[in-house]
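A.B. asks: Letter by letter, the sequence shown follows residues 25 to 331 in the working numbering.
My structure is below; once you've seen it, I'll send some questions.
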Amino acid sequence: MRVSVICTVLNEGESIRRLLDSLAGQTRPADEIVVVDGGSRDRTVAILEEYTARLPLRVLSAAGANISAGRNIAIRAATGDVIASVDAGVRIEPDWLAHLVAPFDPAGPARQAVAGFFLPDVTTPFEMAMGATVLPTLDEIDPATFLPSSRSVAFTKAAWEAAGGYPEWLDYCAAALVHFRPRGSLRAFFKQYYRYARGDGKADLWRKRHAIRYGAYLVGLPGLLMLAVRHHPLWLLALLGGAGAYCRTPYRRLAAYLPQMSPGQRLYAALLVPIIRGVGDIAKMLGYPVGWLWRIKNWSRREIHWR
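Below you can see the structure in the form of structure tokens.
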């Protein structure tokens with residue numbers, strides 16, 4: 025069984041070595057690695073070329089290609105029967121590829137796709153708060169509803185062909201473990217989640233989840249504030265209780281990082297959790313309708329399907 029690892033990159037000069045070094049340390053090495061560069065303006069391509077002596081690495085240029093188009097280009101160029109997809113900026117476990125492709129063993133049941141998992145790879149209190157707020161832990165995952173990410177997924181090339189490849193109109197959508205570094209600033213986080221939500225709108229995903237968010241922020245929050253102003257300030261307790269319940273899971277995850285932080289850093293991270301939640305929700309509420317309007321405008325395109 026020949027396995028091709030594929031990846032897309034764009035201006036990943038500061039982080040790409042982490043991925044390449046961990047690919048070089050795999051217990052089950054890739055038969056080939058195909059990386060598509062979307063037009064980097066930093067040293068990404070130069071760094072990739074440094075690794076061609078250590079890895080079976082090919083670098084393809086596709087300036088202007090989005091993530092989906094870049095993945096399709098990489099897969100078309102790949103020669104493996106099984107494609108393993110990963111993202112730039114992650115660090116993968118030494119047995120990542122071995123675990124990810126093991127279910128494709130020809131001696132076992134036929135498999136078409138396998139999903140791995142991803143853990144936060146954090147170093148600063150800000151990243152710890154970010155990881156605790158936005159990334160679930162393995163015990164929180166329901167395999168029946170888990171939506172795989174292309175930062176840790178494998179599939180047969182035949183399945184990719186049968187599906188028609190990645191939809192190139194969709195630019196953003198998020199025991200084989202990769203370690204994913206959360207965004208290091210609120211600005212970068214806002215941009216990331218705006219794009220994720222825009223992708224949800226384009227793909228017609230998570231209608232109910234987005235509707236609940238709009239209802240909470242546009243109806244529930246103003247309603248409780250009006251009750252507190254017009255009737256009794258005790259209604260603010262209901263608001264604070266709701267906010268506490270909303271942040272309960274991130275705080276539970278954050279507890280795992282507390283031994284690594286000083287008392288001041290713990291307070292800083294705890295204060296960041298509701299801020300990160302609020303920024304993420306605002307980004308999603310702004311991004312989702314942009315994607316939805318794009319979908320309405322382009323509904324007649326053959327490759328776009330309504331749920």
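Glycine included, each C-beta is placed from N, C-alpha and C at the ideal position.
Roughly how many angstroms separate the alpha carbons of Ile236 and Ala221, rounded to a whole number?
C.D. replies: If you number the sequence shown from 1, residue 236 lands on position 212. If you number the sequence shown from 1, residue 221 lands on position 197. Rounded to whole angstroms, the separation of the alpha carbons of Ala221 and Ile236 is 14 Å.
A.B. asks: Check for me: the alpha helix (DSSP H) holding Ser64 runs from which residue to which?
C.D. replies: Taking the first residue of the sequence shown as 1, we reach residue 64 at position 40. That residue, Ser64, is in no alpha helix (DSSP H); it is neither H nor E in DSSP.
A.B. asks: Taking all protein chains shown into account, do 16 or more other C-beta atoms lie within 10 angstroms of the C-beta of Pro149, making it buried, or fewer, making it exposed?
C.D. replies: As a working mapping, residue 149 is identified with position 125 in the sequence shown. Pro149 comes out buried.
A.B. asks: Considering Cα atoms alone, identify which of Arg26, Val146, Asn96 and Thr32 is closest to Leu278.
C.D. replies: For the purposes of this step, residue 278 is taken as the residue at position 254 of the sequence shown. The shortest Cα separation from Leu278 among Arg26, Val146, Asn96 and Thr32 belongs to Val146.
A.B. asks: Taking the beta carbon of His234 as the centre, do at least 16 other beta carbons fall within 10 Å, making it buried, or is it exposed?
C.D. replies: Along the sequence shown, one-based indexing puts residue 234 at 210. So His234 ends up on the buried side.
A.B. asks: Could you tell me which uninterrupted beta strand (DSSP E) segments, each at least 3 residues in length, are contained entirely in the segment 198-248, listed from first to last along the chain?
C.D. replies: 201-204
A.B. asks: Check whether the Cβ atoms of Leu296 and Arg290 sit closer than 8 Å, and answer yes or no.
C.D. replies: Stepping through the sequence shown from its first residue, residue 296 is reached at position 272. Stepping through the sequence shown from its first residue, residue 290 is reached at position 266. Contact flag unset, no.
A.B. asks: How close, in whole Å, do the beta carbons of Asn35 and Thr68 come, if the pair is a contact with beta carbons under 8 Å?
C.D. replies: Indexing the sequence shown from 1 puts residue 35 at position 11. Indexing the sequence shown from 1 puts residue 68 at position 44. Correct: roughly 6 Å between the Cβ atoms.
A.B. asks: Considering only C-alpha positions, which residue in the set Gly113, Ala156 and Ser176 is nearest to Phe142?
C.D. replies: Within the sequence shown, the letter at position 118 stands for residue 142. Phe142 has its Cα closest to that of Ser176, out of Gly113, Ala156 and Ser176.
A.B. asks: For Ser92, I'd like the list of residues in its chain whose CB is within less than 7 Å of its CB, leaving aside the five on either flank, ordered along the chain.
C.D. replies: Your numbering for residue 92 matches position 68 in the sequence shown. If we look at Ser92 and ignore the five residues flanking it on each side, its Cβ neighbours are Tyr190, Pro191, Glu192, Leu194 and Asp195.
A.B. asks: Using CA coordinates, which residue listed in Pro160, Asp66 and Ile40 is at the minimum distance from Pro172?
C.D. replies: On the sequence shown, position 148 is the one that residue 172 refers to. Nearest option by C-alpha distance: Pro160.
A.B. asks: Leaving out the 5 sequence neighbours to the left and right, which residues in its chain are closer than 6 Å to Val314 when beta-carbon positions are compared?
C.D. replies: Locating residue 314 in the sequence shown gives position 290, counting from the first residue. Counting only Cβ-Cβ distances below 6 Å, and skipping sequence neighbours, we find Arg222.
A.B. asks: Who are the near neighbours of His251 in its chain, counting only those whose CB is closer than 6 Å to its CB and skipping five residues on each side?
C.D. replies: Here residue 251 refers to the residue found at position 227 when the sequence shown is read from its first residue. It is Leu, not His, that sits at residue 251 in the sequence shown. For Leu251, where only same-chain residues beyond five positions count, the Cβ hits under 6 Å are Trp259.
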